[in-house]
Each structure stands twice: as C-alpha cells, then as structure tokens.
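Reading through the structure tokens given below for one structure.
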Amino acid sequence: MPIRATPFVHGEYYHIFARGNNKQDIFSGSDDYARFLIALMLFQAPPSLQAPITNIRRLVRHLVQSQALNITDDGITTLLKRRYVHLVAFALMPNHFHCIVQERHTHGISMYMQRVLTSYAKYRNTKHERTGHLFEGPFKSVHIEDDAQLTYCSAYIHRNPRELPGWRGREHEYPWSSYRDYCGKNRWGELLTPTMVFDLVGRGDRYRAFVEASGAKKRATHPLLHID
0 MPIRATPFVH
10 GEYYHIFARG
20 NNKQDIFSGS
30 DDYARFLIAL
40 MLFQAPPSLQ
50 APITNIRRLV
60 RHLVQSQALN
70 ITDDGITTLL
80 KRRYVHLVAF
90 ALMPNHFHCI
100 VQERHTHGIS
110 MYMQRVLTSY
120 AKYRNTKHER
130 TGHLFEGPFK
140 SVHIEDDAQL
150 TYCSAYIHRN
160 PRELPGWRGR
170 EHEYPWSSYR
180 DYCGKNRWGE
190 LLTPTMVFDL
200 VGRGDRYRAF
210 VEASGAKKRA
220 THPLLHID
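The numbering of the sequence shown is numbering that gives the first Met the number 0, which starts it at 0 and goes up by one.
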C-alpha cells in the first residue's frame, strides 16, 4: 500500500472521490451499484471480521430487489466491533462516486478504499471481460476542516443525482445515495454514521431543507470539491 505524503488523521473527516478512467462509466446497471455499495458497507472492517459475507451474488440480488442489506444483526454487530473507518455519506453516479469517511484507525481510509476499489475493479473487469484500469488513478481526498465544510460537503454529495435525467428535485429518492437515508429510514443501520451531520443541521425534513437551501452543485466552496 503506497504511503501518503499527508497521512489521514485519526478522528478527522475526509471527502473521498474517484471517477472512471477517461471519464468512462464505472456503473452500468443496478447490479453494479449494489455490488459497490455492499463493498462500501462491509469493508469498513478488516477481512477477518467479514464472516457474514458468504454469498456476494445473493447480497447483490437482495439489495437490488428490496433496497436492504441482507445481513443478520449478529453479522452487523461483528462488523461494527473493529471498524477502521466510519462511512458518513455517499453518492454513486454513472462515472464517479463521492463519500465522506472518518478515519478511525491508522491507515484506515487507505486500507478501506484500496479494498473497495480493487474488489470492484476486479468484479467489473471480469463481468465485462475487459482489462486495464477502471479508475482514473488513485482515489482523491479533501480534508474536511470544520463543521460548515462537513455539512456543505454532505449537501454537495447528496445533490449530485440532480444532474441525471429524471432526478432533479427527487434527489432524496435516488437509491444509490445516502440522501434517502438522511431523509427517511436508514437502510444500513450503524454501518452508515450520519450522527455528526444530524447534530449540526437536523435529520429528515430539516436536513432536506438544509440541502435545498445550501446552493450545493451551483457553486463550490472548496477548490477541490467539484470534480464532475
């Protein structure tokens, strides 16, 4: 694993993003989105704690059909014991993704993202019988320096789907984003950790009102925030 010039700091939040090589799509259907989401959720813990992952295809099929993670409560409890990151927010778009992640263990984010991206690239290349790089270089990260940046970044991420046909004004219903979990029932339980954002701006309708008033995706308050 390459050593970062600027290491991630324990307890700090980071905006993580990556897009497809040459801006190509990295997701081409519900199965792809579901496969990546399962990795985002379950790879927060070391491989030795991932006994619940017995059949990825079954998990993908269940997630696509019911928008729920088919893991037992005991399995989730096992994963929660030694997470090395906390996943705060995410949005998956056809050719890129965004997430907010908190570092909870030394090299946690680096190990987490390496496993997520390597696993998904192998799946995608095998599925489409292709070779070469799926992503445009290593994932990028921006340190979130204060509460205002954290809440704005969450709004920016959650407004991404507005640029897709049919989703403007319905971003909170988009299935491949945590926005619907912020506004309604959390599909992922404690594997999604939005508490800090909720403490700052509220949840449900209050959070949605904040996002709509934020101006996110119309302007960027950080030079590295906008990558589309």
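Using N, Cα and C, we set each Cβ at its ideal position, and we do this for glycine too.
Return the chain-ordered list of same chain residues with a C-beta closer than 8 Å to the C-beta of residue 200, the five sequence neighbours on each side being excluded. In the sequence shown, residue 200 corresponds to position 201, counting from 1. By the criterion of a C-beta distance shorter than 8 Å, residue 200 is surrounded in its chain by 150, 206 and 209, once the five residues flanking it on both sides are discounted.
Candidates 35, 91, 43 and 95, of which the one nearest residue 56 by Cα: The residue given as residue 56 occupies position 57 in the sequence shown. Ranking the options by Cα distance to residue 56, first place goes to 35.
According to the Cβ coordinates, are residue 18 and residue 43 closer than 8 Å? As a working note, residue 18 is residue 19 in the sequence shown. As a working note, residue 43 is residue 44 in the sequence shown. Not a contact, by the Cβ cut-off of 8 Å.
Contact under 8 Å by Cβ, residue 90 with residue 159: Counting from one through the sequence shown, the residue named residue 90 turns up at place 91. Counting from one through the sequence shown, the residue named residue 159 turns up at place 160. By the CB criterion at 8 Å, residue 90 and residue 159 fall inside the cutoff.
Are the Cβ atoms of residue 10 and residue 144 separated by less than 8 Å? Numbered from its first residue, the sequence shown carries residue 10 at position 11. Numbered from its first residue, the sequence shown carries residue 144 at position 145. Not a contact, by the Cβ cut-off of 8 Å.
Which runs of the alpha helix (DSSP H), 4 residues or longer, sit entirely within the region 76-151? 107-126, all fully within the region 76-151.
So, with DSSP's three-state summary, where would you put residue 38? Counting from 1 along the sequence shown, the entry for residue 38 is found at position 39. Residue 38 falls in the helix class under three-state DSSP.
In three-state DSSP terms, what is residue 29? Within the sequence shown, residue 29 is the residue found at index 30, counting from 1. If DSSP states are grouped into helix, strand and coil, residue 29 belongs with the helices.
Determine the extent of the alpha helix (DSSP H) in which residue 67 is found, giving its start and end residues. Reading the sequence shown from its first residue, position 68 is the one you call residue 67. Counting along the chain, residue 67 falls outside any alpha helix (DSSP H), and DSSP gives it neither H nor E.
Bridge-paired residues (DSSP) for residue 15: To locate residue 15, count along the sequence shown from 1; it is residue 16. Residue 15 is bridged by DSSP to 98 and 140.
Can the beta-carbon of residue 167 be found closer than 8 Å to that of residue 216? Position 168 of the sequence shown, counted from the first residue, corresponds to residue 167. Position 217 of the sequence shown, counted from the first residue, corresponds to residue 216. Against a cut-off of 8 Å, the Cβ pair of residue 216 and residue 167 comes out as no contact.
Verify whether the separation of the beta carbon atoms of residue 189 and residue 79 is less than 8 Å. As a first step, residue 189 must be located in the sequence shown, where it is residue number 190. As a first step, residue 79 must be located in the sequence shown, where it is residue number 80. Against a cut-off of 8 Å, the Cβ pair of residue 79 and residue 189 comes out as a contact.
Can you pull the DSSP bridge partners for residue 153? Start at 1 with the first residue of the sequence shown, and residue 153 comes out as number 154. DSSP lists no bridge partner for residue 153.
Spatial neighbours of residue 185 within its chain, please: CB distance less than 7 Å, with the 5 preceding and 5 following residues excluded, ordered by chain position. The residue given as residue 185 occupies position 186 in the sequence shown. Cβ within range, chain order: 191.
The alpha helix (DSSP H) spanning residue 194 covers which residue range? Indexing the sequence shown from 1 puts residue 194 at position 195. Where residue 194 is concerned, the enclosing alpha helix (DSSP H) stretches over 194-200.
Whose CA, out of 73, 88 and 58, lies closest to the CA of residue 16? If you number the sequence shown from 1, residue 16 lands on position 17. Among 73, 88 and 58, the Cα nearest to that of residue 16 belongs to 88.
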